[in-house]
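Chains as they are written, first to last, in my numbering: chain F, 1 to 339; chain W, 1 to 339; chain D, 1 to 339; chain X, 1 to 339; chain E, 1 to 339; chain V, 1 to 339. The structure appears below as structure tokens.
Protein chains: 6
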Amino acid sequence: MAKKVVTLGEILLRLSTPDKKRFVQSESFDAIYGGAEANVAVALANFGLDSYFVTKLPDNPLGDSAVNYIRRYGVKTDYIARGGKRVGIYFLEKGTSVRPSKVVYDRAASSITKINVDDFDFIEIFKDVEWFHFSGITPALGENCIRFIQKAVEVAKALKIPISVDLNYRKGLWSKKEFEKVMIPLIQGVDVCIGWLSSVEEVATTGIEDFTSKDLDKERFIKIFSRMRKKFNIKYITTTLRENYSASKNGLSAIIYDGNELHESKKYTFHIEDRVGGGDAFASGLLYKLIKGEDCKEALEFGVAASVLKHTISGDFNLSTEAEITELLNGNTSGSVQR
Amino acid sequence: MAKKVVTLGEILLRLSTPDKKRFVQSESFDAIYGGAEANVAVALANFGLDSYFVTKLPDNPLGDSAVNYIRRYGVKTDYIARGGKRVGIYFLEKGTSVRPSKVVYDRAASSITKINVDDFDFIEIFKDVEWFHFSGITPALGENCIRFIQKAVEVAKALKIPISVDLNYRKGLWSKKEFEKVMIPLIQGVDVCIGWLSSVEEVATTGIEDFTSKDLDKERFIKIFSRMRKKFNIKYITTTLRENYSASKNGLSAIIYDGNELHESKKYTFHIEDRVGGGDAFASGLLYKLIKGEDCKEALEFGVAASVLKHTISGDFNLSTEAEITELLNGNTSGSVQR
Amino acid sequence: MAKKVVTLGEILLRLSTPDKKRFVQSESFDAIYGGAEANVAVALANFGLDSYFVTKLPDNPLGDSAVNYIRRYGVKTDYIARGGKRVGIYFLEKGTSVRPSKVVYDRAASSITKINVDDFDFIEIFKDVEWFHFSGITPALGENCIRFIQKAVEVAKALKIPISVDLNYRKGLWSKKEFEKVMIPLIQGVDVCIGWLSSVEEVATTGIEDFTSKDLDKERFIKIFSRMRKKFNIKYITTTLRENYSASKNGLSAIIYDGNELHESKKYTFHIEDRVGGGDAFASGLLYKLIKGEDCKEALEFGVAASVLKHTISGDFNLSTEAEITELLNGNTSGSVQR
Amino acid sequence: MAKKVVTLGEILLRLSTPDKKRFVQSESFDAIYGGAEANVAVALANFGLDSYFVTKLPDNPLGDSAVNYIRRYGVKTDYIARGGKRVGIYFLEKGTSVRPSKVVYDRAASSITKINVDDFDFIEIFKDVEWFHFSGITPALGENCIRFIQKAVEVAKALKIPISVDLNYRKGLWSKKEFEKVMIPLIQGVDVCIGWLSSVEEVATTGIEDFTSKDLDKERFIKIFSRMRKKFNIKYITTTLRENYSASKNGLSAIIYDGNELHESKKYTFHIEDRVGGGDAFASGLLYKLIKGEDCKEALEFGVAASVLKHTISGDFNLSTEAEITELLNGNTSGSVQR
Amino acid sequence: MAKKVVTLGEILLRLSTPDKKRFVQSESFDAIYGGAEANVAVALANFGLDSYFVTKLPDNPLGDSAVNYIRRYGVKTDYIARGGKRVGIYFLEKGTSVRPSKVVYDRAASSITKINVDDFDFIEIFKDVEWFHFSGITPALGENCIRFIQKAVEVAKALKIPISVDLNYRKGLWSKKEFEKVMIPLIQGVDVCIGWLSSVEEVATTGIEDFTSKDLDKERFIKIFSRMRKKFNIKYITTTLRENYSASKNGLSAIIYDGNELHESKKYTFHIEDRVGGGDAFASGLLYKLIKGEDCKEALEFGVAASVLKHTISGDFNLSTEAEITELLNGNTSGSVQR
Amino acid sequence: MAKKVVTLGEILLRLSTPDKKRFVQSESFDAIYGGAEANVAVALANFGLDSYFVTKLPDNPLGDSAVNYIRRYGVKTDYIARGGKRVGIYFLEKGTSVRPSKVVYDRAASSITKINVDDFDFIEIFKDVEWFHFSGITPALGENCIRFIQKAVEVAKALKIPISVDLNYRKGLWSKKEFEKVMIPLIQGVDVCIGWLSSVEEVATTGIEDFTSKDLDKERFIKIFSRMRKKFNIKYITTTLRENYSASKNGLSAIIYDGNELHESKKYTFHIEDRVGGGDAFASGLLYKLIKGEDCKEALEFGVAASVLKHTISGDFNLSTEAEITELLNGNTSGSVQR
């Protein structure tokens, strides 16, 4: 019997221009659905877990399409509430070479912003659950979402369900101050925290939003992660380290701190087909291995290889299998035709 | 020198499923821009008039795309204000045969709802203008839009510019009571009113929203139109009469009342490629001929033939030329290849 | 809690030429998945039932895609066995006007032909099931399939689960003699039989494969259905009556015999977008209403209206909602835009 | 061994807007190759004859593509000369319903206008040939083409090869006077002439270019055809009779005069997918049966049924098989799915 | 009020194979419009200038489409004459990796070759103009074009309008001798000349058509440019320096000589989406900054960055904004997603 | 008169996901036809030889499409037998970057496996033939194919026709032991053998299936090739050496041994559009030059350059011209636009 896991967040309609066209050139959009937390839910289902996604979607054909889109990839949608007026949208212009991708958000007043604790039966949702995952984007969507996530975290903690959180600070949605005020109580005692709070660093120069891997040396990471671990009683703190050569080419590795050691993964350099969801692929790869009980170093390597493969796949989702990720992780980057 | 005309309203992003797919089947949308008033502005430009469209659009690439989309077909966009957060959207699932087309609106909080009288220089806009057109949809979009349209109508009337209004009552946007309260002062003294108010009929059984041509006989129309004409001091009252055989086949004719006579147009039966914008094509065909100074009976016939041709064209816009419409009007419905 | 229903059969990869191209013109295929029984399973899920589909598919990415394709539309795929070498394929050239559609089957040696009774836990599958549906196509696929369907029917009957069968005789797969030999024991005592056996008619001129509605008058139908009902102890016998005007236009009605009366449905004439799956849409509409406990006459009307709407939808599946079918059934065939 | 036939003429690049878009809407063109005579050559190859097409095409990748396009459908391209600067082009906007299709020609100065008698070895080309076909379009393309066609006809007549000509008068290319001056010597003694000369009629009111089937009664046809037959010593004179209901729906029949009797074919009414090449499909169906030695009445029926099926196929070519045409001719217009 | 600028030249229909297909594989073409001078006009409009394009186009739907295509991107088309028979065409097969792109021109006898000085009111066109741009391609199109461009340059010089010329020598259109004979009088006294004449170099080894940046050292450039500057009284002479690594990867920088110094820009290495129009993007970026009054060194850097971004955009046009170019110019080549 | 060459083997329907989508994402397939030997036949026709392809295909529209697909590119299809039930299929998911391409074969029981010596007139087929090519894939398809290839080789040897064989060992189809048992008699005395048998190496560590260019040094190659040459009396033994950097980037060179010397070609590094058919492009380039009588070193260089260009072309076929390959071979890898 597959392990039951629960992820909570928003799923958006993604409208991207085809063939790397600019917005002003395009007379059609590729239409799929995705979002930081939905991407994790799909990847976990794809790895074979019994993966439930919790959200609120309008009771119209676009809401139906969003449900179908993740159901297709194996996510259980039984706990999705229906109501509100609209599916949040993000428009994506895929970049290439020195031209960056552009995202235009149109997510205000989406159904999840009308989410209500009473729409859900938490006892039912969290029954037999072996992992709960959420991100810092959901509470940025307003008071209803904050109350909802607080309730969910409270119940999960009460039931001693392992919890992971991807901080995912988005400066377009709220200030760093609001962010920390809401997030700090939520991350208390979680098992895995992806990202860190800039406020735990004494010197205020390095924040979340303007971080690149060149900014921090290993010693500094250990100091920050160690302080954060203690302060919030978190088991693992982890982050990816990305090098942006161009919109078509990136380098990627990751680190995880377990209290004793800062483990560093292998680093990959690769061409990019679709960059969106790369971080979520890392999160889901890492979590999958931790849920299976493997140690954090192996989970880290699996997460990074998963993320790299995601970059070669169109759409938000990492549709790689465990076998494919393992093959990449074992060093086969040759791309030979597999017959 | 072409005559200058001004149309005011919202332009929406239209996202329609390709190949008559249902919403839940589609993984892409055809993306164009349209809306009742923009459709009129484009058709008038296409007939050769110096056609200006006034609206408010966000200062982002989607706003740019909307501007470009009508500029391409010759509309002058100099008076479009930029600001607000979003382009209104409507999703369209094209029906066929006995399956009706479906529209899902997602237009709340669009940029035009933030429109402000002070964003515009009415003296400049209405300078040398020979016709002004608006519709009953715009004031349904909220207080800002009502104030804006009131100001525009006030200036146009002061400058003695001929005015046309397409009542376009949409029950999803406001109640009939709100509608009449706002619209009645606006239609006082206009030259052309498309549609009629149900309240002018003594017997309350026939309203705008549930009207079909079978419901009214000629005598009744004359009574209603005549009463309305006198009450509001309107020169012409007109409406199309549609027969819905299926999503693929319709019948269409129209009537106009000039105070003396109720003129009835020829009736056409035809297959449908895209029904959206059919009413706007009628309005613009009729207005074009009235602006050119032709008599209302000829204008009516031209409007109906224009509308019929529109139904054979994908998208919201009537991209037929005057010559093509005239040929249809003269009886050539053979569809022979033109070499 | 939705009622649990089980359908059993093959799901095929359907490769159809786009834009009504002929096979020899086409350089791409639209690729979806469907099949007589899968189409019923999807429609029942779409109506809100807890619909399980039982089959065998290869453990490769095409097998995954077939699973995903029905999961997307809500079908439960927990009981699908994986194994064998290939997904059966049918190539479809969509006809139009006087040019008929053409199907080229390439389904020999597909995974379902390797199906094995021991791959399945029937006690688990039929637990709490309120309806079981199968068709005459599955046993035509060979000995393994015959044994499998015999076992399934045996268990379902033992558990007193209502059963429906769509005879679906396909002369390309087996002879009428083989067909009757296998099917007669299977249909003993079922609740609903769609189609009839030509052998129950004394005069041998009218068989299943060459039937058109013009061939039989009402009296004759009553005689055949009544004889069949008694002989095999079947509750309802039903069939659609189709009039083929062209590949683009059909007439459709249906009849059902309940032992007392031969009920005839309304007849529809309509244009066709995709004819494949029209019969399965009738079956699933009829079954849905019977499962819900409505009487056979209402079920018949719903089934026919469901089938008509299916013809307006691309692909094998009827993706109409109950509300849409009911609206058509109530006489709204106008195709007006629904806003 | 298949019979060798030779057709001579121009093959053009056809650029048509997809999805019935108008020219001003389209950002892509479907690109195929066709032309009155090439269409006949392809259909004859498709029926199994050893069909050679003679023309001149530029020695560039577009010329290569034109060669490949007919080679794909079985035409022998050994006698195509390469040279000149350009492939002629025609732009096609497909109409629908009351909106007619539009053709914009861009064929001036194409390679065939530079054709030279010395580019070809007529002894080799006409060796063992059992039929030669040309049309009145080729000599309209200028002096080189006239000289070329004169030479070809001269050699074919000397070798006693049966000849057919499709008059195909195009008023955009030359005057009726020039047309008759050039064509009359060419049609002397041919076996089949499709169309007739208006000058053979005493009363000058009815010409080729403005003919519709309503204009002539049977008696009049017999008079004209009989006069023409005698004057030019032609075996069969034939023409299609088309009724244009709309761009989507036509009626079609044909007549042939053999000196004794005016045979009239069955008449079909049908929906249209692509009207271009409908006349050429008639010609090739008729010629195919005459080449096979069948009588003119059967050939006529086959030609009309071939033409009707062509109207259901995209592109210029009739890709129907003999069996399909025969089935239609035998009355099966039901469009039932063929499995 | 935006500054008015005028560009003069031909706009061609560009038919390119999709998905990097070879000509012989493709059954469709992407259809856009472009050309050296039109590309400059669009870029200048895109930067916010009041940009007019002057040309002649046929009065048919393809001419309409060409007008619409640039109007969409903001170009003013008031001064475009309509007449002649055809839009010039160029067919493009996009290369990749070691396979070069191929262009097949089909532009002979296009409408611009029938251009006539009397079609235009130069007083009106050049009223309030602050910059005039043309290229060496237009006069290569024949006597009418030479006379036209001579008249335009004469009027512009008389009105003391700053002038820029892109030499754009095309060996397929005329000989270097004819080129110099026509161009030398035209470039006398212009403000900006892009490219140089090989005849100004004493040693005849380096010509325009076979130049690569490796062929010339800095000293040699200064000598050539200095001589040319004096001889023709030109303010700035400039050129891009391209390194062709493959069809997918190039290096690009540029130089400008102002009489005192040879300024060299930054050099970029980048992957290519569409190489066509790269030189025109440089020209328009440089001109835009000069028109705004910035110094030539800044204009040069802006021009090169504009050109680099163009290479990442499909089609002939540089649709980058000033802000995007500035960001690249400031060193951000990371391609990070912009949210 | 072009030289006649004969190639024998299977042609498969290739169904590939568009836009590098994964199988589970794709709702359409690009559909072309190819296969190791058909790819050689097309390339030889494309170089101008009189190239015949011998195979068996079903007598249905998919068989017709396969014939048409190679006929289009100039292959003579006169000797293709029709019969059997199905066209073999291979599904292709194109990889990119670190994600490899995946092939799913569905070729069992295809028509060629039913091939029969008596279906063919070998005297007619091999009349005037100047080269015969086959591969080790065909005899892997079963007893019928073995018997057929044995007969073909026997006749070709009797007629002293030069023979080439591409060993193409596929471990999915048969064991290495079966492979050697069948192939050794067939390769006796052939002119060209592409690949080598692992059994000729004393040390058993290096086999065909697990070879990469890093495994063998030059000395070792000479030893193996020399032994093989003598043992089987083969004129030339050759192989490509591939370096797989990723699915998007490869290195390629080749070696040939003529009994005296091991010639090594230039090595290319390049980006990949479509890797399938790269080996067949090498074979056909090499064979073409040998058939033309050029020496083996030049043939080797031409073969490698042909293969490199193939990698930039979508589909299985090398559609490069001799001139294009020669230009690459001469060092022009710049990818500059060719006008």
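The beta-carbon is built from N, C-alpha and C at its ideal position, and this holds for glycine as well.
Quiz item: Taking 8 angstroms as the CB-CB limit, is T77/F close to chain V?
Solution: Locating residue 77/F in the first sequence gives position 77, where the first residue counts as 1. No, its Cβ sits nowhere closer than 8 angstroms to a Cβ of chain V.
Quiz item: Beta-carbon of K21/V versus every beta-carbon of chain F: anything under 8 angstroms?
Solution: In the sixth sequence, residue 21/V corresponds to position 21, counting from 1. By this cut-off, K21/V is an interface position.
Practice problem: Report the rounded CA-to-CA distance for K94/W versus E327/X, giving the unit in angstroms. | Solution: Here residue 94/W refers to the residue found at position 94 of the second sequence. Here residue 327/X refers to the residue found at position 327 of the fourth sequence. In a straight line, the C-alpha of K94/W is about 35 angstroms away from that of E327/X.
Quiz item: Out of A109/X, P58/X, V276/X, which has the shortest C-alpha to C-alpha gap to A81/X?
Solution: If you number the fourth sequence from 1, residue 81/X lands on position 81. Closest by alpha carbon: P58/X.
Exercise. Compare the C-alpha of I125/W against each of T77/W, V192/W, K231/W and name the closest.
Key: For this step, residue 125/W is matched to residue 125 along the second sequence. Cα-wise, what sits closest to I125/W is T77/W.
Practice problem: State the start and end residues of the unbroken beta strand (DSSP E) segment that holds E264/X. | Solution: Within the fourth sequence, residue 264/X is the residue found at index 264, counting from 1. Secondary structure note for E264/X: its beta strand (DSSP E) is the uninterrupted segment 262-264.
Quiz item: Apart from the five residues just before and just after F273/F, which ones in its own chain have a Cβ nearer than 7 angstroms to its Cβ?
Solution: In the first sequence, counting from the first residue as 1, residue 273/F sits at position 273. Per the sequence presented here, residue 273/F reads as Glu, with Phe not at that position. Sequence-distant Cβ neighbours of E273/F in its own chain, meaning closer than 7 angstroms and more than five residues away, are H311, T312, I313, S314.
Quiz item: If you compare alpha carbons, which of N318/X, K4/X, S307/X is closest to E130/X?
Solution: Counting from 1 along the fourth sequence, the entry for residue 130/X is found at position 130. For the residues N318/X, K4/X, S307/X, the minimum Cα distance to E130/X belongs to K4/X.
Self-check item: L103/E: contacting residues in chain V (beta-carbon distance under 8 angstroms)
Solution: In the fifth sequence, the residue the question calls residue 103/E occupies position 103. Just to set this straight, residue 103/E is Val in the shown sequence, not Leu. Going along chain V in sequence order, the residues near V103/E (Cβ under 8 angstroms) are V337, Q338, R339.
Exercise. Can you check DSSP and say which residues form a bridge with Q338/F?
Key: For the purposes of this step, residue 338/F is taken as the residue at position 338 of the first sequence. Looking at the DSSP assignment, Q338/F forms a beta bridge with K102/V.
Quiz item: Below 8 angstroms, can you find three or more Cβ-Cβ pairs linking the stretch 82-89 of chain E to the stretch 48-64 of chain E?
Solution: yes
Practice problem: Check whether the Cβ atoms of V42/D and F317/D lie closer than 8 angstroms to each other. | Solution: Position 42 of the third sequence, counted from the first residue, corresponds to residue 42/D. Position 317 of the third sequence, counted from the first residue, corresponds to residue 317/D. Taking 8 angstroms as the Cβ cut-off, V42/D and F317/D qualify as a contacting pair.
Exercise. Given a cut-off of 8 angstroms, decide if S198/V and K176/V are closer than it, judged by their beta-carbon atoms.
Key: Counting from one through the sixth sequence, the residue named residue 176/V turns up at place 176. Counting from one through the sixth sequence, the residue named residue 198/V turns up at place 198. Their beta carbons are under 8 angstroms apart, which means K176/V touches S198/V by this criterion.
Exercise. Note down, in chain order, every chain F residue with its Cβ under 9 angstroms from the Cβ of Y73/D.
Key: Along the third sequence, read from residue 1 onward, the residue named residue 73/D stands at position 73. Here the neighbours are N68, R71, R72.
Quiz item: Curious, which full-length beta strand (DSSP E) runs of at least 3 residues does the stretch 159-194 of chain W contain?
Solution: 163-166, 192-194
Quiz prompt | For I32/E, three-class secondary structure by DSSP | solution = Residue numbering aside, residue 32/E sits at position 32 when the fifth sequence is read from its first letter. In this structure, I32/E counts as strand in the three-state DSSP scheme.
Exercise. Ignore the nearest five residues each way along the sequence and tell me which others in D210/F's own chain have a CB closer than 8 angstroms to its CB.
Key: For the purposes of this step, residue 210/F is identified with residue 210 of the first sequence, where counting begins at 1. Because the pLDDT at D210/F is just 42, under 50, the model does not fix this residue reliably, and the value given afterwards should be weighed accordingly. Nothing listed; no residue qualifies.
Practice problem: Give the straight-line distance between the Cα atoms of K102/V and A36/V, rounded to the nearest whole angstrom. | Solution: On the sixth sequence, residue 102/V is found 102 positions in, with the first residue counted as 1. On the sixth sequence, residue 36/V is found 36 positions in, with the first residue counted as 1. If you take the alpha carbons of K102/V and A36/V, they lie about 17 angstroms apart.
Quiz item: Is the beta carbon of L309/D less than 8 angstroms from the beta carbon of E294/D?
Solution: Residue mapping note: residue 309/D aligns to position 309 of the third sequence, counting from 1. Residue mapping note: residue 294/D aligns to position 294 of the third sequence, counting from 1. It is not a contact, given that the beta carbons lie outside the stated cut-off.
Quiz item: Which residues in the same chain as F122/V place their Cβ atom closer than 8 angstroms to its Cβ, once the five residues preceding and following it in sequence are excluded?
Solution: The sequence position of residue 122/V within the sixth sequence is 122, counting from 1. The residues are K151, A152, V155.
Exercise. Using beta-carbon positions only, say whether K277/F and N39/F come within less than 8 angstroms of one another.
Key: As a working note, residue 277/F is residue 277 in the first sequence. As a working note, residue 39/F is residue 39 in the first sequence. Note on residue identity: the sequence assigns Gly, not Lys, to residue 277/F. Cβ atoms of G277/F and N39/F: closer than 8 angstroms.
Self-check item: Unbroken stretches of the beta strand (DSSP E), 3 residues or longer, contained in the stretch 86-159 of chain E
Solution: 89-93, 102-106, 129-135
Exercise. Would you please state the rounded distance, in angstroms, between the beta carbons of I291/E and L49/E? I believe it to be under 8 angstroms.
Key: The count along the fifth sequence starts at 1 and reaches residue 291/E at position 291. The count along the fifth sequence starts at 1 and reaches residue 49/E at position 49. Going by Cβ atoms, the distance from I291/E to L49/E rounds to 7 angstroms, so yes, they are a contact pair.
Quiz item: From the beta carbon of N244/X, is the nearest beta carbon of chain W less than 8 angstroms away?
Solution: Here residue 244/X is taken as the residue at index 244 of the fourth sequence, counted from 1. Chain W, which has a Cβ nearer than 8 angstroms to the Cβ of N244/X, makes this yes.
Practice problem: Look at the alpha carbon of I32/D and the alpha carbon of R339/X, and state the distance between them as a whole number of angstroms. | Solution: Here residue 32/D refers to the residue found at position 32 of the third sequence. Here residue 339/X refers to the residue found at position 339 of the fourth sequence. Each residue's Cα considered, the two are about 18 angstroms apart.
Quiz item: The alpha helix (DSSP H) with F225/X in it runs from where to where?
Solution: In the fourth sequence, counting from the first residue as 1, residue 225/X sits at position 225. Here the alpha helix (DSSP H) through F225/X covers 218-232.
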